[in-house]
Every structure is written in structure tokens, then in C-alpha cells.
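Here the structure comes first, spelled out in C-alpha cells, and everything after it is commentary.
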Amino acid sequence: MMIKYRKVIINIVLIIKLTMTNITIQNVDDDLKNRLQKRAEYYGRSLEEEAKEILRAVLTENRLEPLNLVLAIERRFAHFGDFELPMITREPLREPPNFEDLYDRP
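Here UniProt numbering is used: position 69 in the sequence shown is 69, and no number is missing along the way.
Below, the structure is given as C-alpha cells:
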């Protein structure tokens with residue numbers, strides 16, 4: 001009877017190992033790791049759980065419309081309010097060079 005239970009447990013462990021995927025991310029910047037650690041502590045999660053939660057949140061996002069760079073920039077800087085940049089004065093364009101006299105030479 002003990003052998004049957006052991007086989008069942010081994011089969012369950014094998015199934016779990018086959019269905020779960022591990023991802024290793026190498027060469028993570030110290031700053032990025034520290035920020036992830038602080039965020040994990042803030043939400044009361046482990047570093048691994050926080051990384052999984054971030055991946056879940058980003059990858060389950062529904063994008064009904066394609067990413068619009070202009071709107072993204074507007075949203076990013078909206079809290080600064082409206083402002084206008086001064087016009088840059090420009091000088092008139094110079095005349096293009098004339099190469100005709102180069103071909104007239106003997």
C-alpha cells in the first residue's frame with residue numbers, strides 16, 4: 001500500500017514539474033532588483049511573486065487600439081499643464097551652389 005501512495009506522489013510531482021515553467025533572468029541591474037524588492041515589500045509579496053504579478057498585469061492587458069505614441073507622450077506630461085515653446089527664428093535658406101561653370105571649363 002505504501003508503494004502505491006509513493007507512486008501517486010511521484011506522479012503528482014512530475015505533473016506539477018511538467019506544467020510549471022521556470023524562467024531565469026540573468027544580469028539584472030542592482031537598481032532594478034532593488035526597486036522590485038521595494039515594490040514586493042510594499043505589497044507584502046516575495047520577489048518572485050511580485051515579478052509574476054507584474055508579468056500577469058502587463059500580459060493580460062487588453063489593447064483594443066494600437067499603442068499611440070503621441071497620446072502616450074501627452075498622458076505622460078499632462079500633469080505639467082499647457083505651455084508653449086517660443087518660436088525659433090531662422091535665417092533664409094542660402095542659394096544652392098551652381099556647378100555649371102565647372103562643366104564649362106576646357
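Think of the CB as a built atom: it goes at the ideal place given N, C-alpha and C, for glycine as much as any other residue.
Where the alpha helix (DSSP H) through residue i begins and ends
{"i": "Q37", "result": "D30 to Y43"}
{"i": "A78", "result": "Neither: A78 is in no alpha helix (DSSP H) and is coded neither H nor E."}
{"i": "R56", "result": "L47 to L59"}
{"i": "L102", "result": "E100 to Y103"}
Cβ-based burial, residue i [other Cβ within 10 Å; buried from 16]
{"i": "E48", "result": "exposed"}
{"i": "E100", "result": "exposed"}
{"i": "E50", "result": "buried"}
Closest residue to residue i among the options (Cα-Cα distance)
{"i": "T24", "options": "F77, E95, K52 and N68", "result": "K52"}
{"i": "F83", "options": "E74, R90, T21 and E91", "result": "E74"}
{"i": "V28", "options": "L36, R94 and V58", "result": "L36"}
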